[in-house]
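K.L.:
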Amino acid sequence: MKSFDYIRPASIAEAIAAAAEPGTAYLAAGTNLLDLMKGGASRPDRLVDITRLPGLDGVDRLDDGAMRIGTMVRNADLAHDPAFARAYPVVAEALLSGASAQLRNAATVGGNLMQKTRCSYFADPAAACNRRSPGAGCDARQGENRSHAILGWSENCIATHPSDFCVPLAALGAVVEIAGPAGSREVALEDFHLLPDETPERETALERGELVTAIRLPPDAAGFAAHSRYMKLRERTSFAFALVSAAAFLKVEDGIITEARLALGGVAARPWRSKVAEELLKGAALERRTFAEAATAALAEARPSGDNAVKIELARRISIRALLLAAAGTPSRLPALPGSPLSSQYGDLANA
Amino acid sequence: MSVTVSTTVNGDSVDFVCAPDETLLDALRGRLGLTGAKEGCGTGDCGACSVTLNGRLVCSCLVLAVEAEGQEIATVEGMAAGETLHPLQRAFIDHAALQCGICTPGILVAAKALLEKTPDPSDEEVRYWLAGNLCRCTGYDKIVRAVQAAAAEMRRA
Amino acid sequence: MPDTLPFPPRMGSNAGQPLSRRDGPLKVTGAATFAADNHPEGMLYAVPATAAIARGRVTGMNVAAARAHPGVVEVYTPANRPPLMHDPDEKLGLFGMRMEALQNDSVRYAGQPIAFVVAETLEAATEGAALLAPEYAAEPARVTAETGERYTPERVGFGGPLSVGAGDIEAGLAAAAHRLETRFETPDQYHNAMEPHALVAQWDGDKLTLDTPNQAIVMACGLFAAYFGIPAENIHLRSPFLGGGFGSKAVPTGAQILTILAARELGRPVKLALTRQQMFGPVGHRARTWQTLRMGLDGAGKLTALHHHSTGATSSFDDFIEPAAAASRTLYASPAILTTHDGIRLDTGTPGAMRAPGEASGSAALEVAIDEAAEVCGMNPLAFRLANYAEVEPITGKPYSSKALRECYEAGAKAFGWASRPLAPRQMRDEAGMLTGWGMGTAVFHCPMFPASAEAVIRADGTAVIRTSGADMGQGAWTALAQIGAAALGLDPDQVEFESGHSHLPDAGVAGGSGHTASAGQALHNAGEDAVARLAELASTDPASPLYGTGNAGVLARRGRLYARDDESRSESYAEILARAGKPQVEGTGKGARDPASAETYALQAHGAVFAEVKVDPELGQMRVSRMIGAFAAGRIINPKLARSQYLGGMIWGLSFALHEEAIHDRRTGRIVNADFAGYHVPVNADVPEMEAIMIHEDDPHVNVLGVKGVGEIGITGSVGAVANAIWHATGFRPHRFPVRIEDVLPSLS
């Protein structure tokens, strides 16, 4: 990889100051960044190591009932935090359905948001990619695009965001806390990842030098713990990115859905929350037919970006499955193969 | 730019000098002569370079050597107590859970990390935990048997 | 564990025992030294720069930028590459392939080395290679069947015939009650041994030391030497351990030659360790096939004709056509069988032998086709296979040297519970509602041997040393070969020092074709016998020995003593015999090779039967193999523990072939878009179920003196078909291309 300067700041302010220069990247776990640097898709001049910044690794319940997760909390630590997993079992399941033990141990909450698409044309410096080199063109569009986007893509870019973690976060209305040269601000996670449109190189809402400092789950997010699931379709039983995935959340009273959340993964440049589907589900009974209608509605605007029409049907089916399982009740303990339709049985349902 | 890094490796204090663009794996192998961890991919996809950092199982190919400053590193070379093999090491030999041996150091380190957290895992939990350690020869089922045998022995101890 | 044919009586009883691998302690402690673990003083690092186009020319590179990068010592391009003594575009020997060693500026495939950077650190060499930023004059890539050039190769595999057959196919088809024509596609697969190819080269004058994993240690020295104009003996190739080979580590590749060249030019040791990405191109692969099977069946479900045609892909500049149709030559009886091949040239690296070359791809197609035939006849797939059981080899009419396939079917089916399998598909669900299917396949692999030689020395203290340049790539040569040598010497393995794994030893031949144990083992066996015979000669001619007069055929060797065959009360230890003779040691030599007479008389094949259970999510189409049982008959099993590992490993390769592996080329650039372990999927532990390999006893007095057939590759064959047929049984969808993907089964689901 290209030689770079390495800076280990002592405070967030120092980190932000150090990152003001062009060509700087923040280094968290590096599980994605170092991979891209080795392949040449990313060539920063300096890395600002934020792993030792104080105060970024807490998982705290706030006074208003919200949950605040520091950006440096490791994915595995968050998923295995008993209080967190009890309140947000689907977030834990999504985290644990991703990557491998080694990568979950290293990867951070903030890094998960900031990870790049796994579009192979993005990772290949010899390929044309508007996301990596604005104006270069998109080799994926006419290339091998079986796993590419079916929602929110543009002629300029058909990449997907690969995160599992972000899918339930989007559904739960998580908020991203940001610190930067101009002070602190917040962005809804749903708006954090940008759709490509004309400017695919703008991947997130962050401005230069800005740093994700925390994710916050709003107070009502814990209300879905009894009826929620994350399901992920992939081509290995573990350690593979989602072809499609879905996070489904229900609040149920007397067999009627009082509130629903549904988000899809692996389908767009951001986790794809479907408020249309959520509206359809609200007030409905726990019936497969309703779930199918909601899933169809969630995919109504989907269209293939290449040789990937099958993903539309798969996304519809994984949504139905996640809703069915959510209706059946959250398992009392995480399945041994998190997020997998093929996991064997695991504890009692209904984690109420 | 070169950086001095002070670490503990398998219980011994170790200082080394490296460039920022050197991975922990390359520092272990090239500078410290600890060649047990292997590079199977360099991209975190195979687990052959698995080590623990402060007890946390990671791929050392995706850790910069400079990040090891002040951390405790454990590699396969530190698993045996002198001449006495760790129960996992013995079980791997007994159950033929290794063939070519390139993936073996990483799998042993990973399995040890698993059993420290989960002393009595189900087969499926072992298979899931070790999904980050590719074996091409391939001894996957025997590896599960070996881990379970070692786990049983360690629970009895 | 099955006992096996007793060794010739002179031998002890160590072979046949399930010993743990002798290299185990080194490997579990990280102390085993693989090639890339070597760091000689003053070593430089080499990194190839590779082509991003699949066809054309390199028109420019920023060599100045690479040279200027701190730490870069030298940059080799076609403009300054020092001469080689052998043209890289000329093939060398039976196994040598054309290679890229910067002989010109042409590009023949994406990933081809086009420059070579040597630096003080790996990081500097890597960045130096990146800074070259090559420019190209690109021509359109030909990486699809439509764009490749169809041609008729002269040979398939390593010198195999294009077409083999007997009987009249068209007549057989005309007479058939049912006719079936079915087509298959298999993808490009890459060996991806977990250890990437590595080499450390050190020159001392015109002597060269190479640390590099190699499957044919002595042969490779000859090949390496040819490029540098030195005698093969000047090379000391050390390959104590290979981190997997699977066929990809037998012959030199361009980057290795350049590393040796750089070490000579720069006067310092140089290390090359390919990245995983660089393994996709210049180090061989299993190439795509397009196969057609035409079958005729009579009313009783017997084949009347079987025509298997395979079109194999190769590179634009060299020939290796997968001998896939060969799988149909020996397995099922039919009055008419024809196996034929042709080729397509693509802009890829040249393919080569990859674990079960020919049989893996061919059996994948054949075993699915056989299931389709069984379906047409309304027969259980096992009953159909038994109805078409070949009692003699169908095309040649030769008897099999041994064939316990019927016993494999029986034992495998029983262990699996095959008898309760419903005939029709989509009949079974598990308690979680998953569609469940059962499938089977027949496994077959031939039993080649390669010329090998060995030495055995019995020492004054009664222990021994045996020597051959064996290659342990995980299969267990350090252990199984030592067991054979020790058995021949009548000693425990603990009393036998085994020198192996480098080139200053007798040639152990090729660790390939599943023939290493048979070939090097036979050489060690003969060497041990020779040494014992010399010892017996000393004793039987010495009036002071209790064995005086027995003659050297009149003794048994066991536990370090010679016994009179007809009177075991007469015996003497090896140490005593040597001490009295005043000799420090006796030496024996031995050779291993196929006996041409037995090859002429007998069909030599190992067999097996694989049974698989697959679960398929009824809506989502996600698939998982939930059970797998194989039963194999491969002659004498030297070490059941290690042989089991080989069988299971092969079966997982079959699972991987069926469900996972495929290198995908971008159709326009020709680059492989998934050239890493994130994209090129091999199974992870969670993809693999509990599995079993049953060993079926088989005495084979003809295949070779040891009765060993070989176990390294057969496990793949049959397994691909078993998984594919189980998918059909679960879903009703019949796979015709591999790997089977979710979207393939989806239309058959609800």
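Chains as they are written, first to last, in our numbering: chain A, 1 to 352; chain B, 1 to 157; chain C, 1 to 750. By construction, the Cβ of each residue, glycine as well, lies at the ideal position given by its N, Cα and C atoms.
(1) Give the DSSP-derived three-state secondary structure of C:Leu435 in the structure shown.
(2) Tell me the residue span of the beta strand (DSSP E) that contains C:Ser453.
(3) C:Ala333: which of C:Pro394, C:Pro747, C:Gln278, C:Ile696 sits nearest, CA to CA?
(4) Pull up the DSSP beta-bridge partners for C:Met623, would you.
(5) Tell me which residues of the region 32-53 of chain B have at least one Cβ-Cβ distance to chain C shorter than 9 angstroms, keeping chain order.
(6) Pick helix, strand or coil for C:Glu185, following the three-state DSSP scheme.
(7) Taking only the alpha-carbon atoms, compute the straight-line gap between C:Ala369 and C:Leu180 and give it to the nearest angstrom.
(8) Taking Cβ-Cβ distances shorter than 9 angstroms, what residues in chain B pair up with A:Met231?
(9) Suppose only complete runs of 3+ residues qualify. What are the beta strand (DSSP E) ranges in the region 254-302 of chain C, listed by chain order?
(10) Hey, does A:Lys368 have any beta-carbon neighbour from chain B nearer than 8 angstroms?
(11) Could you check whether C:Lys302 and C:Tyr602 sit closer than 8 angstroms to each other, using their CB atoms as the reference points?
(12) For C:Ile114, which of C:Asp666, C:Glu233, C:Pro282, C:Ala390 has the nearest alpha-carbon?
(13) Within 10 angstroms of its Cβ, does A:Ala19 collect 16 or more other Cβ (buried), or is it exposed?
(14) How do the region 203-216 of chain A and the region 107-114 of chain A stand: do at least 3 beta-carbon pairs fall below 8 angstroms, yes or no?
(15) Going by DSSP, name the residue or residues bridged to C:His309.
(16) In the DSSP output, which residue or residues are listed as bridge partners for C:Met428?
(17) Report the rounded CA-to-CA distance for C:Arg264 versus C:Ala579, giving the unit in angstroms.
(18) Quick test of your reading: B:Leu134 and C:Val684, contact by CB under 8 angstroms. State the CB separation rounded to the nearest angstrom.
(19) Examine chain B for any beta-carbon lying closer than 8 angstroms to the beta-carbon of A:Asp35, and answer yes or no.
(20) Would B:Lys112 pass as an interface residue toward chain C - the criterion being a Cβ-Cβ separation below 8 angstroms?
(21) Over what stretch of residues does the beta strand (DSSP E) that includes B:Ile102 continue unbroken?
(22) How big is the Cα-Cα spacing for C:Ile466 and A:Met72?
(23) Using 8 angstroms as the limit for Cβ to Cβ distance, is C:Thr126 near chain A?
(24) Along the chain, where does the beta strand (DSSP E) that runs through A:Ala263 open and close?
(25) In the structure shown, what three-state DSSP assignment does C:Ile760 receive?
(26) Hey, could you find the ends of the beta strand (DSSP E) C:Ser573 is sitting in?
(27) In this structure, what does DSSP give as the bridge partners for C:Arg561?
(28) Show which residues of chain C have a CB atom less than 8 angstroms away from the CB atom of A:Phe239.
(29) Indicate the three-state DSSP secondary structure (helix, strand or coil) for C:Met691 in the structure shown.
(30) How many Å lie between A:Lys232 and C:Val703 at the Cα?
(31) Give me the residue from C:Ala658, C:Tyr151, C:Gly30, C:Gly362 with the minimum Cα distance to C:Val682.
(32) Rounded C-beta distance between A:Leu53 and A:Ser11? I'm assuming under 8 angstroms.
(33) Going along chain C, which residues have a C-beta under 7 angstroms from A:Met114?
(34) By alpha-carbon positions, which one of A:Ala268, A:Glu259, A:Pro271 ends up nearest to A:Leu280?
(35) Between the region 716-745 of chain C and chain A, which residues of the former have CB atoms less than 9 angstroms from a CB of the latter, in chain order?
(36) Just by C-beta distance, which residues in the region 182-212 of chain A are closer than 7 angstroms to chain C?
P.N.:
In this structure, then:
(1) Here residue 435 of chain C refers to the residue found at position 435 when the third sequence is read from its first residue. If DSSP states are grouped into helix, strand and coil, C:Leu435 belongs with the strands.
(2) As a position in the third sequence, residue 453 of chain C is number 453, starting the count at 1. Segment 452-459, the beta strand (DSSP E) holding C:Ser453.
(3) Start at 1 with the first residue of the third sequence, and residue 333 of chain C comes out as number 333. Out of C:Pro394, C:Pro747, C:Gln278, C:Ile696, C:Pro394 has the C-alpha closest to the C-alpha of C:Ala333.
(4) Reading the third sequence from its first residue, position 623 is the one you call residue 623 of chain C. Bridge partners of C:Met623: C:Val616.
(5) Per Cβ criterion, the list reads Gly33, Leu34, Thr35, Gly36, Ala37, Lys38, Glu39, Gly40, Cys41, Gly42, Thr43, Gly44, Asp45, Cys46, Ala48.
(6) Within the third sequence, residue 185 of chain C is the residue found at index 185, counting from 1. C:Glu185 falls in the strand class under three-state DSSP.
(7) As a working mapping, residue 369 of chain C is identified with position 369 in the third sequence. As a working mapping, residue 180 of chain C is identified with position 180 in the third sequence. Straight-line Cα distance between these residues: approximately 9 angstroms.
(8) Here residue 231 of chain A is taken as the residue at index 231 of the first sequence, counted from 1. None at all; the shortest Cβ gap to chain B is about 16 angstroms.
(9) Listed in chain order, the complete beta strand (DSSP E) runs (minimum 3 residues) inside the region 254-302 of chain C are 270-273, 289-297.
(10) Residue coverage of chain A in this structure runs from 1 to 352, which leaves residue 368 of chain A outside it and unanswerable.
(11) As a working mapping, residue 602 of chain C is identified with position 602 in the third sequence. As a working mapping, residue 302 of chain C is identified with position 302 in the third sequence. Cβ atoms of C:Tyr602 and C:Lys302: not closer than 8 angstroms.
(12) For the purposes of this step, residue 114 of chain C is identified with residue 114 of the third sequence, where counting begins at 1. C:Ile114 has its Cα closest to that of C:Pro282, out of C:Asp666, C:Glu233, C:Pro282, C:Ala390.
(13) Here residue 19 of chain A refers to the residue found at position 19 of the first sequence. Buried, because 16 or more other Cβ atoms sit within 10 Å of the Cβ of A:Ala19.
(14) Yes, the region 203-216 of chain A is in contact with the region 107-114 of chain A.
(15) To locate residue 309 of chain C, count along the third sequence from 1; it is residue 309. C:Thr292, C:Thr340, per the DSSP bridge assignment.
(16) Counted from its first residue, the third sequence places residue 428 of chain C at position 428. Paired residue(s): C:Thr436.
(17) If you number the third sequence from 1, residue 264 of chain C lands on position 264. If you number the third sequence from 1, residue 579 of chain C lands on position 579. Approximately 49 angstroms, taken between the alpha carbons.
(18) Locating residue 134 of chain B in the second sequence gives position 134, where the first residue counts as 1. Locating residue 684 of chain C in the third sequence gives position 684, where the first residue counts as 1. At roughly 7 angstroms, the Cβ-Cβ gap stays under 8 angstroms, so B:Leu134 and C:Val684 are in contact.
(19) As a position in the first sequence, residue 35 of chain A is number 35, starting the count at 1. For A:Asp35, the nearest beta carbon of chain B is closer than 8 angstroms to its own beta carbon.
(20) Position 112 of the second sequence, counting from 1, holds the residue named residue 112 of chain B. No - not a single Cβ of chain C is within 8 angstroms of the one on B:Lys112.
(21) Position 102 of the second sequence, counted from the start, is the residue given in the question as residue 102 of chain B. According to the DSSP assignment, B:Ile102 belongs to no beta strand (DSSP E), since it is labelled neither H nor E.
(22) Taking the first residue of the third sequence as position 1, residue 466 of chain C is located at position 466. Taking the first residue of the first sequence as position 1, residue 72 of chain A is located at position 72. Their Cα atoms are separated by approximately 58 angstroms.
(23) On the third sequence, position 126 is the one that residue 126 of chain C refers to. C:Thr126 counts as touching chain A.
(24) Residue numbering aside, residue 263 of chain A sits at position 263 when the first sequence is read from its first letter. Run containing A:Ala263: 256-265, per the beta strand (DSSP E) assignment.
(25) This structure leaves residue 760 of chain C out entirely; chain C is present only between 1 and 750.
(26) Taking the third sequence and counting its residues from 1, the one referred to as residue 573 of chain C is at position 573. From DSSP, the beta strand (DSSP E) with C:Ser573 extends over 567-573.
(27) Against the third sequence, residue 561 of chain C aligns to sequence position 561. The partner list for C:Arg561 (beta bridge, DSSP) reads C:Arg558, C:Ser573.
(28) The count along the first sequence starts at 1 and reaches residue 239 of chain A at position 239. Correct list: Val684, Ala686.
(29) By one-based count along the third sequence, residue 691 of chain C stands at place 691. Residue state, collapsed to three classes: strand.
(30) Taking the first residue of the first sequence as position 1, residue 232 of chain A is located at position 232. Taking the first residue of the third sequence as position 1, residue 703 of chain C is located at position 703. Spanning the two alpha carbons is a distance of roughly 51 angstroms.
(31) Indexing the third sequence from 1 puts residue 682 of chain C at position 682. The shortest C-alpha separation from C:Val682 is found at C:Ala658.
(32) As a first step, residue 53 of chain A must be located in the first sequence, where it is residue number 53. As a first step, residue 11 of chain A must be located in the first sequence, where it is residue number 11. In this structure A:Leu53 is in contact with A:Ser11, their Cβ atoms being roughly 7 angstroms apart against a cut-off of 8 angstroms.
(33) By one-based count along the first sequence, residue 114 of chain A stands at place 114. None at all; the shortest Cβ gap to chain C is about 18 angstroms.
(34) Walking along the first sequence from the start, residue 280 of chain A turns up at place 280. Checked all of A:Ala268, A:Glu259, A:Pro271; the closest Cα to A:Leu280 is A:Glu259.
(35) Pro739, Arg741, Ile742, Glu743
(36) none
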